[in-house]
Amino acid sequence: MPTRKIFSTAMLIMCALVQQGSAQSLPDSLVKKIDLHFKKWDRAEAPGCVVGIVRNDSLLYAKGFGLANLENSVPNTTKSVYYMCSVSKQFAGYAIVLLARQGKVKLDEDIRVYLPWMNIPGKKITVRHLLNHTSGIRDDIGLAAISGLGMDGMLTQDLALNILKKQRSLNFEPGERYAYSNSNYVLLAEIAATAAGQDFKSFTDSAIFRPLGMASTRFVDHPEEMLQGRAASYSFVPLDKRSGRRNFFENSYQNVYTLGDGGLFTSLEDMSKWVMNIFSPKSGDRQDIAQLAERGRLNNGQEISYALGIAVDSSRGWKRYIHNGSLAGYRTLVVVYPDLKTGFIVFGNGGDNEVYGRGENLATFFIPDIRAKQPASTAARRDSGVTFLTDTNAVKAFLGSYIADDGFQAHLSLKKNQLWLNGDLLLVPERNDTFSLLQNPAIRYAFFTGSAGEQAGAALVTPASPGAPIQFAKMKTTTMPLQSFTGTYYCPELECSYGIAEKNGRLYLTSNKHNDALIRMMDDDHLITEHPMLDHLQIRRGAGKKITGFELNSRRIMHLVFNKIN
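The sequence shown runs -23 to -1, 1 to 543 under mature numbering (1 follows the signal peptide of the UniProt record, and there is no 0).
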């Protein structure tokens, strides 16, 4: 459909809905379009999704597709109860907002005022740091997986807190950068309980759910708890290598029962009441909603998109609140356009990530695109003169392979007087040592050769990672014998051990709780493993370059030290 026609249709729909006020309904033609948009999940023998569209104080569209329970052929309905995954975070954020209005929580207070046992030496972490994911605290789900999890693989609130109590270091300095970590909201649930003088589940029920009439909504932190109308979770199996069976669904069990970061169960009908509360508050007031949507700032003053359990950005020229969630086969999405008092809700139970895109694309039916028309851009050409180097000798010292703090790898090569990153990304010179991506100039690499005693490397500046530049080290030739790496490595912050063993001329990461994982030596200081969580190990050395341990540096878990004990 041409852009102009989409805009006109969306604008006509919005005008019609405004005129209808609270007695709102959708034209049959539009209902059919939405039905078709989610037809993929309209199957009588498979899991699916539920979809809701909110305008002002009305649930304009509410429909279930597919099955909530395959074993009993129970269909998905607007009353089916879904696990919200990370969509739960906005309710934990709002609980803190309500307590702050009562003077029971101060957002810029040290979290040790409320949680004295959360003691990371020399670091002041505030409640606001937790809310904005700028605390530097490592992700509890990843930490639990590394430690061996326990309880048959079930992570509960108590187990997560026991892990977090032992932490004595951070991924980064508080406020230095944004990095999503579920631990932040696990701790916020505990802060809310301490400040409220009652458990988190009771407070959210009395302060949020009951005032809004969300009778099917509650936080759950025990897997044994019964839930009427619960939608089961499934995953699709293209091929079972053991049986040869193809293209079927199997149960995908929820194995995380923490509070704040997740833990919420609700229905489509109930969630629509929360969206309406954003437009016309019955729990809290407009000032509270405004604070929920207040974007965070880093220490350097840079604003980030994450607010207090929701991301705040722009879509089609309008302000948008958005958060999704994923665990086991559950996929959840809530999108709100506050200025248009319009919201979209999609919950899936078949492990299909496509529900996210379909949910966001509902905006094309309802939200007029008011972005200023941009002149047609001419795609940057790879044969453009700006991509060719005038002096190739000046960059030869930069060529080679690099590895970032978190294990991300990059390779810089020279082909026909052009500089290429990872073989297919062309770089444009800005200065002798600084280059930007041809297709995205906001992403820049600055290279340095290193001086005496310093390793060569690079610094990456990208909008995807607000805060300090991402540091890369240039990889060197491997010279250390394999035997120098073998031994047992112990992590005091997790109270667990891993081994490095040599087998048939190769190194393996070993554990009595995980299968052996092959190790690739990138150089003497960086090991890449096939373990899903311990995939980048950075070697620590003492006197005489003797190995004293390693740091795990990978995504949501950085600078976690394992000391070599034999």
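Positions of the beta carbon are idealized from the N, C-alpha and C atoms, including for glycine. Keep in mind it's a predicted model, so treat the numbers as computed, not measured.
Residue i - containing alpha helix (DSSP H), residue span
i	result
Asn181	Before going further, note that residue 181 is Thr rather than Asn in the sequence given. Start and end: Phe177 to Thr181.
Leu164	Asn159 to Ala173
Leu13	Asp5 to His14
Leu138	Gln134 to Lys142
Ser249	Leu245 to Phe256
Phe342	Ala340 to Phe343
Val28	Looking at the DSSP string, Val28 is not in any alpha helix (DSSP H); the run it does join, the beta strand (DSSP E), is Cys26 to Arg32.
Ala208	Counting along the chain, Ala208 falls outside any alpha helix (DSSP H), and DSSP gives it neither H nor E.
Asn49	Element bounds for Asn49: n/a, residue is neither H nor E.
Gly377	Segment Gly377 to Ala381 is the beta strand (DSSP E) holding Gly377; no alpha helix (DSSP H) there.
Val104	Val104 to Asn109
Ile266	Arg263 to Leu269
C-alpha distance - residue i paired with residue j, whole-angstrom precision
i	j	result
Glu407	Arg421	9 Å
Val74	Gln395	53 Å
Ser54	Lys40	Going by the sequence as given, residue 54 is Thr instead of Ser. Computed Cα separation, rounded: 6 Å.
Ala(-1)	Gln175	Unreliable positioning characterises Ala(-1) in this predicted model, as indicated by a pLDDT of 46, which lies under 50. The coordinate reading is nonetheless provided below. Each residue's Cα considered, the two are about 40 Å apart.
Tyr298	Pro345	16 Å
Leu84	Lys143	24 Å
Phe449	Thr439	13 Å
Ala137	Lys66	16 Å
Val197	Leu366	60 Å
Thr243	Glu22	24 Å
Glu201	Ala436	49 Å
Ser146	Asn481	36 Å
Ala319	Lys490	Note that residue 319 is Thr in the sequence shown here, rather than Ala. Straight-line Cα distance between these residues: approximately 48 Å.
Gln416	Gly427	29 Å
Lys56	Leu3	21 Å
Asp316	Ile347	13 Å
Ala423	Asn277	20 Å
Glu331	Ile380	32 Å
Enclosing beta strand (DSSP E) for residue i [first to last residue]
i	result
Asn530	Ile524 to Ser531
Lys66	Looking at the DSSP string, Lys66 is not in any beta strand (DSSP E); the run it does join, the alpha helix (DSSP H), is Lys66 to Arg78.
Asp500	Ala494 to Asp500
Met535	Ile534 to Lys541
Tyr41	Rather than Tyr, the amino acid found at residue 41 in this sequence is Gly. Taken as a continuous stretch (DSSP letters only), the beta strand (DSSP E) holding Gly41 covers Ser35 to Phe42.
Arg421	Arg421 to Phe425
Gln448	Ile447 to Lys451
Ala387	Gln386 to Lys392
Gly434	Gly434 to Val438
Ser292	Ala288 to Ser292
Ile505	His503 to Thr506
Beta-carbon proximity list for residue i, same chain, < 8 Å, skipping 5 on both sides
i	result
Asn543	Gly464 and Thr465
Gln279	Pro443 and Gly444
Trp94	Lys142
Glu472	Ser124 and Lys143
Ser282	Arg272, Ala288, Val289 and Asp290
Ile140	Asp117, Leu120, Ala121, Ser124 and Leu471
Near the ligand MN: residue i beta-carbon under 7 Å from a heavy atom
i	result
Phe539	Among the components of this structure there are no ligands whatsoever, and the ligand MN is therefore not found.
Integer Cβ distance of residue i from residue j, believed to fall under 8 Å
i	j	result
Leu389	Leu398	6 Å
Leu304	Tyr59	Contact flag wrong, Cβ pair sits at about 11 Å.
Tyr234	His199	6 Å
Leu514	Thr525	Wrong, their Cβ atoms sit about 13 Å apart, outside the cutoff.
residue 579	Leu36	Given that the chain is displayed from residue -23 to residue 543, the structure contains no residue 579 and the question cannot be resolved.
Gly286	Ala69	6 Å
Phe425	Ala433	6 Å
Val313	Ile255	6 Å
Val82	Ala170	The pair is not a contact, with the Cβ atoms about 11 Å apart (cut-off 8 Å).
Ile322	Gly29	4 Å
Tyr155	His110	6 Å
Neighbourhood of residue i by C-beta distance below 7 Å, restricted to the same chain and skipping five residues each side
i	result
Thr455	Met498, Asp500 and Asp501
Ala349	none
Tyr211	Pro24, Leu47, Phe226, Glu227, Asn228, Ser229, Gly306, Asn326, Gly327 and Gly328
Gly384	Ile505, Asp512, His513, Asn530 and Ser531
Ser461	Ile524
Met253	Val31 and Asp34
Phe527	Tyr466, Leu514, Gln515, Ile516, Arg517 and Phe539
Spatial neighbours of residue i in its chain, beta-carbon cut-off 6 Å, leaving aside the 5 residues before and after
i	result
Tyr467	Ser474, Asn540 and Ile542
Thr487	Gly476, Ala478 and Asp493
Arg274	Glu280
Gly237	Ala69, Tyr162, Val163, Leu165 and Ala166
Gly336	Leu310, Phe321 and Val323
Tyr71	Leu269
For the segment 220 to 231 and the segment 2 to 13, state whether three or more C-beta atom pairs, one from each stretch, are separated by less than 8 Å. no
Would you call the segment 175 to 188 in contact with the segment 81 to 92, where contact means no fewer than 3 C-beta pairs closer than 8 Å? no
Touch test, the segment 110 to 127 against the segment 191 to 201, Cβ-Cβ under 8 Å, three pairs minimum: no
Taking one C-beta from the segment 212 to 222 and one from the segment 282 to 295 each time, how about it: are there three or more such pairs within less than 8 Å? no
Is the segment 252 to 270 in contact with the segment 331 to 342, if contact means three or more CB pairs nearer than 8 Å? no
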